[in-house]
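Enquirer: Letter by letter, the sequence shown follows residues -24 to -1, 1 to 520 in mature numbering (1 follows the signal peptide of the UniProt record, and there is no 0).
All C-beta atoms, glycine included, are put in the ideal place defined by N, C-alpha and C.
After the structure tokens below, expect a handful of questions from me.
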Amino acid sequence: MNRRHPRRALPLATAALAALGLVAACSGPPAGGTPGAGSAAFALSAGTPAAKGDLASFSWASYAEPLTLDYLNAFDYPSNTVLANVCESLMRWTPQLTEEPGLAEKASNPDPITWIYDLRPGVKFHDGAVMTADDAVFSLQRQMDPNNAAAWATVFQNVDSITRTGPLQVTVKLKEPDSQFPQYMASAAGVVASEAAIKAAGKDWGSGTVDCTGPYKLGTWNKGQSLELDRFDGYWGTRAKSQKVVFQFLKDPSARTNAMLSGEVDGGYLIPTESYQRLRASGAGTLYFGESLSTVSVNVTNMQGPLGDVRVRRALSMALDRPGFVKTGLAGNGTVTAALTDRAAWTAGSAGTRAAAFDLPSPGTDLDRAKALVKEAGATGRTLTVATSAIGQDVSLLATAVQAAGTSIGLDVRLKTIAPDAFSALFTDPTAREGIDMFPETYYLSITDPMDLLTNFQTGAGQNFAGYSDPAYDGLVKQVQAAYDPAQRLALEAQLQKKAADQVLWIPVAEWPTAVFLNKRITGAPTTISYLYYPWAADVGAAE
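The structure is reproduced here in structure tokens:
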């Protein structure tokens, strides 16, 4: 899946590919409840039991093969799930979705446009060479080179310079204050790799060669079949519990589920939604759910037609059967929401800020009011087109739910089927969106900050496909960018969330948790979406 578009956006199609095999500081998970009542009927686990011993190896199911292990373009589940164990960043996302020092033992901010990273001494690359500030400068500067077309380039849009200011010190000068930049240094945007190895490997870097500092190093890669990681015994941190990790590429969802049930593979993330109950009841292991920072929405891509009138967007939102979608499309494992961002992204805010951010119109249905809005807008009988795909039941069911909602309030909603392997183009190719007004999407955050999503609605943003523009919204974005204090920043972001909700820039549907299955042999894997940037495999060991 090519996700080379600004910020961390995952089309629901991709979530379904992840879930069905074709190809988001957290103080704790929300309480359980009843689907359709605004809370979940499943339990979110803070983690899995700690490992009791070491392993010779364990195997892991992946729905697709990584397109690359070059950190520049590690921008989706297959690549990041592997790369998080091989390459490390200046800062580190934890399993609790907080940030802590990574390869930089200290980060300081002496003034609003300066970030200084003091690196750990004695850290070795997999080839035995010692990491220096030169490696860090080179690695970060690669992200800024327009010739590299880095997926993370927008993270560096406010960077003026990156320089070596000591043998183990890197100084980043910004063009203007940027509260998001330091947070992204815990993602693949902040990876440090060997300068010498990158230059020596040339075009083989990221496929045949990866030389970083993580607890695992790249082993045998059987293209199209499997990829092995070998424990790096020269690792600076805690030694990995398993000597080897074997990723099996199992595109078919049934085959992947059967492999977990039979013990062919020991576990996996991104479980097919239709397999949840089967895995739960199997006795072969445990299915866990964790915080994902992910929300399912309907992306509004065209405001030139009927959706240009906010009353029509509001009407569709009022008519949508969210509980029905959660029950069928997410197999009951989701939480109905009226917000574009997951509640866990707001835990650093005050109670007042959190209340303000979610003081939004009810996600319940109101068909009479919705019909009246469509009539007021003069949109009765007008045509809207929603993209759908045979990727999986969650995609098709949400598109069908939107069609049913529109039809029930007097709109003519039509479905346009997109081939599974072409759905990604909706994010990268304007011609692919021609004739399409909306499409299903799941968006996950790569930092624990709602701005990772809310930035999409500023004028000219990469995923602002509908061309929405509001000077007041843009002004708030600039204030957020300058606000390093989390409390101040989240209070401003609450205003942005309310503006986005009021204008129904996307139609929010549900929060969707991360799922991970572990058989009885292994334990220790994190349950949260941290596995995209945290060396999760190093924690996996023997259950007994």
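Can you tell me whether DSSP reads M427 as helix, strand or coil?
Expert: helix
Enquirer: So is A257 in contact with chain D if we call contact Cβ pairs under 9 Å?
Expert: The question asks about chain D, but that chain is absent: this structure has only one protein chain.
Enquirer: Could you compute how far the alpha carbon of V456 sits from the alpha carbon of S230?
Expert: A straight-line Cα-Cα distance of about 45 Å links V456 and S230.
Enquirer: Is the region 235 to 243 touching the region 378 to 392 in the sense that three or more CB pairs, one from each, lie closer than 8 Å?
Expert: no
Enquirer: Just grab the DSSP bridge partners of A363 for me.
Expert: K392, per the DSSP bridge assignment.
Enquirer: Quick one: is E152 buried, meaning 16 or more other Cβ sit within 10 Å of its Cβ, or exposed?
Expert: Label assigned to E152: exposed.
Enquirer: What are the boundary residues of the beta strand (DSSP E) that R140 is part of?
Expert: 135 to 142
Enquirer: Does the contact criterion of 3 or more C-beta pairs under 8 Å hold for the region 251 to 262 versus the region 428 to 447?
Expert: no
Enquirer: Which ranges would you report for the beta strand (DSSP E) in the region 97 to 167 if only whole runs of at least 3 residues count?
Expert: Counting whole runs of 3 or more residues, the region 97 to 167 contains the beta strand (DSSP E) stretches 135 to 142, 145 to 150.
Enquirer: Could you tell me which of V135, A165, A109 sits nearest to D46, measuring between CA atoms?
Expert: A165
Enquirer: If K193 sits next to G517, beta carbons under 8 Å apart, how far is it from one beta carbon to the other, in whole angstroms?
Expert: No, K193 and G517 are not in contact; Cβ-Cβ is about 19 Å, not under 8 Å.
Enquirer: If I measure Cβ to Cβ from I174 and keep anything under 6 Å in the same chain, skipping five residues before and after, which residues do I get?
Expert: W181
Enquirer: With DSSP run on the structure shown, which of helix, strand or coil describes V492?
Expert: strand
Enquirer: CB L263 to CB Y252, shorter than 9 Å?
Expert: yes
Enquirer: Measure the CB-CB distance between residue 532 and L205 and report whether it falls below 9 Å.
Expert: The chain is shown only over -24 to 520; residue 532 falls outside these bounds and no answer can be derived.
Enquirer: Tell me the residue span of the beta strand (DSSP E) that contains R68.
Expert: 67 to 69
Enquirer: Using the Cα positions of residue 535 and F265, report the straight-line distance between them to the nearest angstrom.
Expert: There is simply no residue 535 to check, as the chain begins at -24 and stops at 520 in what is shown.
Enquirer: Under three-state DSSP, which class holds F334?
Expert: coil
Enquirer: In terms of residue numbering, what span does the beta strand (DSSP E) encompassing G243 cover?
Expert: 243 to 245
Enquirer: Considering only C-alpha positions, which residue in the set A169, T90, T383, G438 is nearest to T404?
Expert: G438
Enquirer: Provide the residue(s) that pair with M414 in DSSP beta bridges, ordered along the chain.
Expert: V276, V362
Enquirer: For the candidate residues N124, F334, P88, L20, whose alpha-carbon lies nearest to that of P484?
Expert: The shortest C-alpha to C-alpha distance from P484 to any of N124, F334, P88, L20 is the one to F334.
Enquirer: Just verifying my parser: in three-state terms, what is the DSSP assignment at residue 521?
Expert: In the structure as shown, the chain begins at -24 and stops at 520. Residue 521 is therefore absent and cannot be evaluated.
Enquirer: So, T24 versus P502, is the Cβ gap smaller than 9 Å?
Expert: yes
Enquirer: Can you look up A7 in the DSSP assignment and give me helix, strand or coil?
Expert: With a pLDDT of only 34 at A7, under the threshold of 50, the placement of this residue in the model should not be trusted, and no figure is reported.
Enquirer: What are the start and end residues of the alpha helix (DSSP H) that includes P54?
Expert: Note, P54: alpha helix (DSSP H), 53 to 59.
Enquirer: When we look at the beta-carbon of L306 and count the other beta-carbons within 10 Å, is it buried (16 or more) or exposed?
Expert: The residue in question, L306, is buried, as its Cβ has 16 or more Cβ neighbours within 10 Å.
Enquirer: Using the three-state DSSP reduction, which class does Y449 fall into: helix, strand or coil?
Expert: helix
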